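Student: Going by mature numbering (1 follows the signal peptide of the UniProt record, and there is no 0), the letters in the sequence shown line up with residues -39 to -1, 1 to 405, in that order. The beta-carbon is built from N, C-alpha and C at its ideal position, and this holds for glycine as well. Everything numeric in this text was worked out from a predicted model, so none of it was measured.
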Amino acid sequence: MKHRGRHRRRKRGQALRAVLAGAALALTAAATLISTSQAGVADRPGALEPLTSPAATAELRLQERLVPPRTLNRLARAMGRPVGVDAVLKSADRTLRPGAGCTSADHESLPVTPEAERAYCWDPADTATEDWRPASVTTSGDADDDGLWGADRVILAGWSHSTTSGPTADRGLARVAFVDAADPVRPVYRWVLLVVPTEGGRDYRGLVSQVSGMAWYQDKLLVTTTAGDTNALYVYDLHRIQRTTVAAAAVGRVPGGWSAGGYGYAMPAVGAYRFSAGPCTTTRSPCPAGISLDRSTSPDSLVLGEWTPADSDRHARLWRYSFSSAPSRGGLLATDVRGQVSAVEAYETRANGIRGVLSHRPPGADRSEWYVGHLPRTPDGHGCMWRQTTSGTRAARCGADATHRCWGEGAGSLSYWQGTGEVWSVTDRMLFSVPLPSIDRSLG
């Protein structure tokens, strides 16, 4: 097992650099920028507008609150020694089916342009109802430069339960599928319930939130939170996964031991980041949608997109925070002496209904390019994928009417696996990947 206290940066592959650089040069030569005056916000969101005023960036400031170690240690003493990712993978009890074994409805949810390179549908036991829905993804390609967590290739997919239907005990809960991706023909997975310590570590409750974005960096997993849990981000430690002892519908301490809604594992939060200005539902603080890791910056950074309704004319924001480089703060964001996290770059976009966001600076380029996946104005159907800079916007076109609605149906967050050049995402029905060069070639 690798030592995780220190993040090691390795050289990127020469082949990947060449592919990305070639795609970027081809686009620069051939693509035409879309003018924001030609159509409405829903069709052409235009160029990114930098946000530089102190008042605008102050709305993006976070306050860090870490769970005291004594709280986490008390919970661990009561539940038993924590386990890691490898233990969860070895106990996998579900199988992902490759595309050939999926239904036509599953395939129809995938992007039209570009086509998915890999696609998997979930175990039928997990899609029997629509109460649980996947919305976020991250990978061991985020966690470490070599794409491995120890010896494992791992994909994490975040699912959220409806707040209005299904068993009352499940409503609003969030769970993560830990996918063992070592065998691309037959990936297997196991569920882990996200929980929050209470009573100083004497108990825990379920995380009540729609988890629309996740990013795995070093040994930490950052997830977006809204609704019942109004923090901007919760933080989880991949070394602090707890086994449960009772398979009950309840979450927390129960007669005879510990339960997590019937799941075999629970992962307690180790910290949270809250917007200093207050909850997004009552202030100008943004409601975060998708998040992702950007390894093309120095230091590595976390990028976020703001959720605004797909039928809204309100402009959304895209921004980034730097990760801490302190050895004692592995996987946490960079803070000042007051524990506050400030955005190091921020933009306003006319795109709305944002579900996924990705930022990447091609080799040799002087600026990052922002990829934004968003929902259409109608409640169903395929979404759009935009690539935005301060100069303009490019979008994929598909079909006889050259529509922009070419991305996945209800597609969620985005995650770039740097070592393979793949972008991973989820639809309501499938987990899939598309090479970043393919996305670039489809834009313009």
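What do you reckon, are the CB atoms on Trp331 and Leu21 nearer than 8 angstroms?
Tutor: No. Outside cutoff.
Student: Consult DSSP for Glu69 and reduce its assignment to one of helix, strand or coil.
Tutor: Helix.
Student: For Ala66, I'd like the list of residues in its chain whose CB is within less than 8 angstroms of its CB, leaving aside the five on either flank, ordered along the chain.
Tutor: Closer than 8 angstroms at the Cβ level, and outside the excluded window around Ala66, lie Arg390.
Student: Can you tell me whether Ser352 is buried or exposed, with buried defined as 16 or more other CB within 10 angstroms of its CB?
Tutor: Classification for Ser352: exposed.
Student: Determine the DSSP secondary structure at Leu392, reduced to helix, strand or coil.
Tutor: In this structure, Leu392 counts as strand in the three-state DSSP scheme.
Student: Alpha carbon to alpha carbon, what distance is there between Trp120 and Leu(-7)?
Tutor: Low confidence applies here, because Leu(-7) scores a pLDDT of 33, under 50, leaving its location unreliable and the question unanswered by this model.
Student: What does the alpha-carbon distance come out to for the pair Glu25 and Cys345?
Tutor: So the two alpha carbons sit approximately 34 angstroms from each other.
Student: Would you check if the distance between the CB atom of Gly225 and the CB atom of Ser52 is smaller than 8 angstroms?
Tutor: Yes, they are a contact pair.
Student: By DSSP, does Gly213 sit in helix, in strand, or in coil?
Tutor: Note: Gly213 maps to strand in three-state DSSP.
Student: Spell out a yes or no on whether the stretch 193 to 204 and the stretch 229 to 237 are touching, meaning 3 or more CB-CB pairs, one atom from each, closer than 8 angstroms.
Tutor: Yes, since at least three Cβ pairs between the stretch 193 to 204 and the stretch 229 to 237 fall closer than 8 angstroms, the two stretches touch.
Student: What whole-angstrom Cβ distance do Pro288 and Glu267 have, given they're in contact under 8 angstroms?
Tutor: So it is not a contact: roughly 32 angstroms between Cβ atoms.
Student: How is Val146 classed by DSSP in three states: helix, strand or coil?
Tutor: Val146: coil per DSSP, three-state reduction.
Student: Using three-state DSSP, classify Pro11 as helix, strand or coil.
Tutor: If DSSP states are grouped into helix, strand and coil, Pro11 belongs with the strands.
Student: Since Met175 contacts Thr90 with CB under 8 angstroms, what's their CB separation in whole angstroms?
Tutor: 23 angstroms between Cβ atoms; not a contact.
Student: Suppose you measure from the CA of Pro148 to the CA of Val115; what does that come to, to the nearest Å?
Tutor: Using only the alpha carbons, I get a separation of about 10 angstroms.
Student: Determine, using beta-carbon pairs with one atom in the stretch 68 to 78 and one in the stretch 135 to 148, whether at least three such pairs fall under 8 angstroms.
Tutor: Not touching, per the Cβ criterion.
Student: Do the stretch 269 to 279 and the stretch 309 to 326 touch if we need at least three Cβ pairs shorter than 8 angstroms?
Tutor: Yes, the stretch 269 to 279 touches the stretch 309 to 326.
Student: What is the residue span of the beta strand (DSSP E) that Leu50 lies within?
Tutor: Segment 46 to 51 is the alpha helix (DSSP H) holding Leu50; no beta strand (DSSP E) there.
Student: Output needed for residue 455: all residues of its chain with C-beta closer than 6 angstroms, excluding positions within five of it in sequence on either side, in chain order.
Tutor: No information on residue 455 is available, as it lies outside the stretch -39 to 405 that the chain covers here.
Student: How far does the beta strand (DSSP E) with Thr354 in it extend, from its first residue to its last?
Tutor: Its beta strand (DSSP E) spans residues 354 to 356.
Student: Using the beta-carbon count (16 or more within 10 Å), is Ala357 buried or exposed?
Tutor: Ala357 should be labelled buried.
Student: Less than 8 angstroms between the beta carbons of Leu350 and Gly7, yes or no?
Tutor: The sequence as given places Thr at residue 350; Leu does not occur at that position. No. Outside cutoff.
Student: Pull up the DSSP beta-bridge partners for Asp164, would you.
Tutor: Asp164 is bridged to Thr159.
Student: Between Ser320 and Thr18, is the Cβ-Cβ spacing less than 8 angstroms?
Tutor: Contact: no.
Student: With 16 other CB atoms within 10 Å as the buried threshold, where does Asp272 fall?
Tutor: Counting Cβ neighbours within 10 Å, Asp272 comes out exposed, since fewer than 16 surround it.
Student: Output the distance between the C-alpha atoms of Ala16 and Ser246, rounded to the nearest integer angstrom.
Tutor: Whole-angstrom Cα-Cα distance: 12 angstroms.
Student: Looking at C-alpha atoms only, which residue of Arg94, Pro59, Arg55 is the closest neighbour of Ala86?
Tutor: For the residues Arg94, Pro59, Arg55, the minimum Cα distance to Ala86 belongs to Arg55.
Student: DSSP puts Asp203 in a beta bridge; with which residues?
Tutor: Here the sequence assigns Gln to residue 203, which means Asp is not the residue at that position. DSSP lists Ala227 as partners of Gln203.
Student: Here's a check: name, in chain order, each residue in its chain whose Cβ is nearer than 6 angstroms to the Cβ of Gly162, leaving out the five neighbours to either side.
Tutor: Answer for Gly162: Thr32, Arg35, Leu36, listed in chain order.
Student: Over the uninterrupted alpha helix (DSSP H) stretch that includes Arg38, give me the two end residues.
Tutor: Unbroken alpha helix (DSSP H) run through Arg38: 30 to 40.
Student: Got a sec? Which residues, its chain only, sit under 7 angstroms from Thr159 by beta carbon, not counting five neighbours each side?
Tutor: Cβ neighbours of Thr159 beyond the five flanking positions: Tyr165, Arg166.
Student: Which residue comes first and which comes last in the beta strand (DSSP E) that contains Arg402?
Tutor: First-last for Arg402: 397 to 403, but that is the alpha helix (DSSP H), not the beta strand (DSSP E).
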